[in-house]
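Below is one structure, written out as structure tokens, with a few remarks after it.
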Amino acid sequence: MSAPRLRLGVNIDHIATVRNARGGALPDPVRGALLAIESGADGITAHLREDRRHIRDEDIRRLMAIISKPLNFEMAATEEMVGIALATKPHAACLVPEKRTERTTEGGLDVIGGHDHIREATTRLKAAGIRVSLFIEPSIAALEAARSIGAPVVELHTGAWCEAVMEGSNDAPREFERIQLAATKAAALGIECHAGHGLDYETARIIAALPQVVELNIGHFLMGEALFVGLPEAIRTMREAMNEGRNGGLGGA
Ligand code: PXP
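Going by the working numbering, the sequence shown runs without a break in its numbering and finishes at 286.
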């Protein structure tokens, strides 16, 4: 049986990071979202952080009004963000941990310690017809907690593996095995499996070979590449890497 098509979600947060470095309106993350879609993105991800360090409320409103592909709204499971999601009704909401002092999302959600709180947010979002995913560590315990919370989707945190690959660390194979086992477990539990954080062309190609993974969410690397080759070219190259990984090195659509 062939693996399902692997979707590419493009995270546009760092277009807003560059905009906010100077204030004003440029570069416009919504323009980036439109260009990403034109270049082959299957969806757009944007993280409205509590401190609004990159994406702002107005960006979310404009994305909902303008883009033609699904919006994956990344959010902390706070009362404020749940309220915004319920009012906005994006296609999907990805619940992530958030600390004010972190540079990026460090580690997955504490789905065991925060189980009841996350379940309440998940239940409210699901009742509004929003597809909820939980950003979790690739561990069996986290997957079992995600199932008990009632999440239809998980996104496996690939950050530790990508970092190990980048550093040439001996931990890389073990980290990849954790992802592989977690993806298999997600499928066994009937939970849709996504993955993301820190992916580049090489790690995306490798993870694309896991047939249980149906979506990758990628931001920082693509925006960095876009500075040198342009966003359309970066997305096309990423799509090719994903297709190659999916098709066992054969490339193609
Ligand atoms: N998925 C989730 C849940 C994230 O929090 C992030 C980072 O915002 C990403 C994917 C994208 O990670 P990166 O920007 O490292 O590609």
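Where is the CB? At the ideal position from N, CA and C, for every residue including glycine. What you are looking at is a predicted structure, and each value in this text was computed from that prediction instead of being measured.
Residue of the options minimising C-alpha distance to residue i
i              : options                           : result
alanine 109    : Ala36, Val246 and Arg152          : Arg152
asparagine 276 : Leu249, Asp84 and Leu255          : Leu249
serine 72      : Lys102, Leu81 and Gly231          : Lys102
glutamate 235  : Trp194, Thr217, Ala219 and Val247 : Trp194
isoleucine 212 : Ala126, Ala174, Lys132 and Leu68  : Ala174
proline 123    : His190, Pro130, Ile169 and Glu107 : Glu107
leucine 232    : Gly56, Gly183 and Ile251          : Ile251
leucine 96     : Glu83, His148 and Ala69           : Ala69
valine 63      : Ala74, Pro37, Ile48 and Leu214    : Ile48
arginine 38    : Arg55, Asp75, Phe254 and Leu67    : Asp75
proline 60     : Pro206, Gly278 and Met256         : Met256
leucine 114    : Ala220, Pro130, Ala98 and Glu83   : Per the sequence presented here, residue 114 reads as methionine, with leucine not at that position. That would be Glu83, whose Cα lies nearest to the Cα of methionine 114.
asparagine 44  : Ser35, Val51, Ile77 and Gly57     : Ile77
threonine 155  : Ala179, Glu139 and Ser172         : Ala179
valine 54      : Ile163, Arg85, Arg40 and Glu188   : The sequence given here has alanine at residue 54, not valine. Here the closest residue by C-alpha is Arg85.
isoleucine 99  : Gly65, Arg164, Gly278 and Val51   : Gly65
valine 186     : Phe209, Ala197, Lys218 and His80  : Lys218
alanine 79     : Leu222, Arg238, Met271 and Ala125 : Ala125
leucine 158    : Ser181, Cys127, Leu176 and Glu177 : Cys127
proline 206    : Glu177, Ile240, Ala184 and Gly42  : Ile240
leucine 167    : Gln245, Gly281 and Gly229         : Gly229
Simplified DSSP assignment, three categories, for residue i
i              : result
alanine 219    : helix
leucine 249    : strand
glutamate 170  : coil
asparagine 203 : coil
methionine 78  : Methionine is not the amino acid found at residue 78; the sequence shown has threonine there. Reduced to three states, the DSSP call for threonine 78 is strand.
alanine 286    : Model confidence at alanine 286 stands at a pLDDT of 42, short of 50, so the residue's coordinates are unreliable; what they give is reported in the following sentence. Three-state result, alanine 286: coil.
histidine 230  : coil
leucine 288    : Summary: the structure shown does not reach residue 288, with the chain confined to residues 34 through 286, and so no result is reported for it.
leucine 189    : strand
asparagine 276 : helix
glycine 42     : strand
glutamate 225  : strand
Residue i CB to nearest heavy atom of the ligand HEM below 7 Å
i            : result
cysteine 226 : Although the ligand HEM was asked about, the structure shown includes only the ligand PXP as ligands.
Legend entry - Any 3 or more C-beta pairs closer than 8 Å across the segment 75-90 and the segment 260-274: Flag = no, the segment 75-90 and the segment 260-274 do not touch.
Inset, instruction - Mind the definition here: the segment 137-147 touches the segment 199-209 only if three or more C-beta pairs lie below 8 Å; say whether that holds. - result: No: the two stretches stay apart, fewer than three of their Cβ pairs being nearer than 8 Å.
Inset, instruction - Just list the alpha helix (DSSP H) runs in the segment 86-156, keeping only unbroken ones of 4 residues or longer that don't cross its boundaries, in chain order. - result: Inside the segment 86-156, DSSP marks whole alpha helix (DSSP H) runs of 4 or more residues at positions 90-99 and 112-121, from first to last along the chain.
Inset, instruction - Ignoring anything shorter than 4 residues or poking outside the segment 51-78, list the alpha helix (DSSP H) runs there in chain order. - result: Taking only runs of at least 4 residues, the alpha helix (DSSP H) segments lying wholly in the segment 51-78 are 62-71.
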